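J.: Have a look at this one.
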Amino acid sequence: MKNEISIGLLGLGTVGSGVATILQQHQQDMHHKLGVPVSIKKVLIKDENKERFTTLDSNVFTTDVHEILNDPTIDIIVEVMGGIEEAKQAIENALRAGKQVVTANKDVMAEYGHELLKLADAKKCDLFYEASVAGGIPIIRTLEDGLASDRISSLMGIVNGTTNFILTKMRQENMSYEVALAEATRLGYAEVDPSADVDGVDAARKMVILSSLAFSTEVHLSDVLVRGMKDIRDGDMELSEGFGYTMKMVGSSKKNEGGIEVAVEPVFLANSHLLASVNNEFNAVYIYGDAVGETMLYGPGAGSLPTATSVVSDIIAACRNLLLEVNGKRLHAAQHERVIKSANRRYAKYFHRLLVKDEVGVLSNLTAIYSNHNASLQSVKQHPAGNEGMAEIILVTHKISRQQHLDVIEDLKGLASVISHYRIEGDESE
1 MKNEISIGLL GLGTVGSGVA TILQQHQQDM HHKLGVPVSI KKVLIKDENK
51 ERFTTLDSNV FTTDVHEILN DPTIDIIVEV MGGIEEAKQA IENALRAGKQ
101 VVTANKDVMA EYGHELLKLA DAKKCDLFYE ASVAGGIPII RTLEDGLASD
151 RISSLMGIVN GTTNFILTKM RQENMSYEVA LAEATRLGYA EVDPSADVDG
201 VDAARKMVIL SSLAFSTEVH LSDVLVRGMK DIRDGDMELS EGFGYTMKMV
251 GSSKKNEGGI EVAVEPVFLA NSHLLASVNN EFNAVYIYGD AVGETMLYGP
301 GAGSLPTATS VVSDIIAACR NLLLEVNGKR LHAAQHERVI KSANRRYAKY
351 FHRLLVKDEV GVLSNLTAIY SNHNASLQSV KQHPAGNEGM AEIILVTHKI
401 SRQQHLDVIE DLKGLASVIS HYRIEGDESE
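If you read the sequence shown in the numbering used here, its first letter stands for residue 1, the second for the next number, and so on.
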């Protein structure tokens with residue numbers, strides 16, 4: 001029986017500092033929960049000369065990752081260094097050395113999670129990754145434990161705080177996309193290069209992790225249909241409100257007998273949907289289970305202490321397993337064959353916003369295109385475009401396949417009367 005547990009912390013940035021703070025401030029609580037003391041023995045840093053606002057003794061700092069990985073007295077490796085290849089290698093080496101691993105790295109888990117979890121199984125080690133999705137929201141543990149008895153049929157969520165903050169500002173304060181993005185950057189919600197967020201890549205990686213876990217299937221990043229928010233136009237918020245919807249950047253994942261579909265894109269949510277009221281930098285994940293029905297988890301999706309809370313919860317779980325000598329007993333192998341739906345088997349409603357020449361015969365030419373592709377229209381509305389000789393037409397489809405939608409868009413591009421077009425996926429709550 002171990003009488004103490006030592007941790008090697010890889011990284012002392014935003015999340016790493018939060019982990020160190022919680023571990024130091026909650027020493028008595030953790031000792032009470034576990035029965036043994038838990039302490040940080042070594043911390044990997046990049047720059048020895050950088051000023052650090054921490055109460056950690058400088059003697060625990062090292063710039064050599066091998067000093068931590070090769071230390072036989074260190075029981076748990078906590079990877080919060082960020083990046084992909086270097087972090088992946090550190091996790092792999094830690095598992096091969098028989099150490100338990102906790103990571104907050106969504107990029108590594110999305111790209112290499114299946115491979116690393118198989119290695120953890122083979123080495124009889126734990127690999128926990130709660131903080132890789134939705135910061136302080138315990139979504140991984142909910143899917144693995146709380147809903148372990150249920151069969152998940154779909155989930156959808158707002159899993160990127162940056163894009164949600166931008167859309168909230170655009171809706172509530174009538175900001176343009178550019179102004180809202182600048183505000184998010186000023187407040188630290190967006191990186192200097194926000195591409196991973198606004199292009200949907202960050203959310204797509206999180207949906208890979210959630211979908212793989214929820215459906216016990218290997219889902220890859222290439223399986224996710226991703227459409228960013230950079231082409232959201234002025235007036236789109238008013239358009240959504242006019243139809244009783246709220247625009248959100250949503251990650252969605254569904255599974256039925258036909259396979260799995262995963263997407264990240266701007267969608268219109270009915271105002272009555274719970275996700276429509278999730279604002280600013282907050283995240284939420286909505287889960288549909290065959291037995292439990294509908295449930296939602298809501299909370300801070302990022303930040304030093306919220307994310308560190310999830311990391312330390314994983315540390316506690318790894319400590320308990322160490323003390324009970326049951327590490328690596330959870331099987332991570334996928335249960336089901338990977339079957340990803342093609343575009344002609346994915347269905348949704350679509351909003352097509354067109355700027356057209358205001359002339360005779362345009363509307364009949366437009367509706368003929370939809371008819372040619374058996375795409376049924378729910379409604380058609382025309383608005384003044386503000387420019388003489390032009391009109392704005394909004395066409396809302398019934399549920400059609402994504403392939404029908406793409407074929408319609410392609411034909412619309414070929415019409416001389418269509419000046420520009422934009423589409424938004426429809427009500428995901430239906």
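C-beta atoms are modelled at their ideal positions from N, C-alpha and C, and glycine is treated no differently. Because the structure is a prediction, the values reported are computed rather than measured.
Give the range of the alpha helix (DSSP H) segment to which residue 238 is assigned.
T.: 236 to 242
J.: Which ranges would you report for the beta strand (DSSP E) in the stretch 342 to 400 if only whole runs of at least 3 residues count?
T.: 350 to 357, 377 to 384, 390 to 397
J.: Could you pull out every residue in the same chain whose Cβ sits closer than 6 angstroms to the Cβ of residue 430, ignoring the five residues on either side in sequence?
T.: In this prediction, residue 430 has a pLDDT of 45, which is less than 50 and means its spatial position is unreliable; what the coordinates show is noted afterwards. Hits under 6 angstroms: none found.
J.: Let me know if residue 256 comes out buried or exposed under the rule of 16 or more other beta-carbons within 10 Å of its beta-carbon.
T.: exposed
J.: Leaving aside the five residues before and after residue 227 along the sequence, list all residues of the same chain whose C-beta is less than 6 angstroms from its C-beta, in chain order.
T.: Taken in chain order, the residues that qualify are 265.
J.: Do you know whose CA, among 384, 179, 32, 152, lies nearest residue 230's CA?
T.: 179
J.: I'd like to check one pair, residue 390 with residue 358: are the Cβ atoms closer than 9 angstroms?
T.: yes
J.: Of the residues 25, 326, 233, which one's Cα is nearest the Cα of residue 420?
T.: 233
J.: Do the stretch 143 to 151 and the stretch 347 to 364 meet, that is, are 3 or more Cβ pairs less than 8 angstroms apart?
T.: With fewer than three CB-CB distances shorter than 8 angstroms, the stretch 143 to 151 does not count as touching the stretch 347 to 364.
J.: For the pair the stretch 327 to 337 and the stretch 397 to 404, tell me if three or more CB-CB distances fall below 8 angstroms.
T.: no
J.: By a C-beta neighbour count over all protein chains shown, 10 Å radius and 16 as the cutoff for buried, is residue 39 buried or exposed?
T.: exposed
J.: Exposed or buried, which one is residue 387 when buried takes at least 16 other CB atoms within 10 Å?
T.: exposed
J.: In whole angstroms, what separates the C-alpha of residue 167 from that of residue 247?
T.: 7 angstroms
J.: Could I get the ranges of all uninterrupted beta strand (DSSP E) runs contained in the stretch 138 to 223, with 3 residues as the minimum, in chain order?
T.: 152 to 158
J.: Following the continuous beta strand (DSSP E) through residue 18, name the residue where it begins and the one where it ends.
T.: Careful: residue 18 lies outside any beta strand (DSSP E), inside the alpha helix (DSSP H) at 14 to 25.
J.: Whole angstroms is fine: what's the gap from residue 164's alpha carbon to residue 131's?
T.: 19 angstroms
J.: When burial is assigned at 16 or more other CB atoms within 10 Å of the CB, is residue 404 buried or exposed?
T.: Residue 404 is buried by the Cβ-count criterion.
J.: Taking Cβ positions, are residue 54 and residue 14 nearer each other than 9 angstroms?
T.: no
J.: To the nearest angstrom, how far is the alpha carbon of residue 11 from that of residue 384?
T.: About 55 angstroms.
J.: For residue 162 and residue 313, I'd like the C-alpha separation in whole angstroms.
T.: 25 angstroms
J.: Would you grab the beta carbon distance between residue 311 and residue 104 for me? Rounded to a whole angstrom, and I think it's under 8 angstroms.
T.: Contact holds; Cβ gap of about 5 angstroms.
J.: Among 188, 170, 414, which residue has its Cα nearest to the Cα of residue 369?
T.: 414
J.: Helix, strand or coil for residue 430 per DSSP?
T.: Reliability of the predicted coordinates at residue 430 is poor, the pLDDT of 45 falling under 50, and no value is obtained from them.
J.: Taking the CB atoms as reference points, tell me whether residue 127 and residue 100 lie closer together than 9 angstroms.
T.: yes
J.: Compare the beta carbon distance of residue 218 and residue 373 with 9 angstroms and say whether it is the shorter of the two.
T.: Cβ distance not < 9 angstroms, so residue 218 and residue 373 don't count as in contact.
J.: How far does the beta strand (DSSP E) with residue 321 in it reach, from first residue to last?
T.: Premise fails: residue 321 lies in the alpha helix (DSSP H), 304 to 324, not in any beta strand (DSSP E).
J.: Using alpha carbons as the reference points, say which of 121, 317, 377, 408 lies closest to residue 5.
T.: 317
J.: Nearest to residue 451 by CA position, among 29, 93, 377, is which residue?
T.: With the chain covering only 1 through 430, there is no way to say anything about residue 451.
J.: Mind checking residue 326: buried by the 16 CB within 10 Å criterion, or exposed?
T.: By the neighbour-count rule (16 or more Cβ atoms within 10 Å), residue 326 is not buried but exposed.
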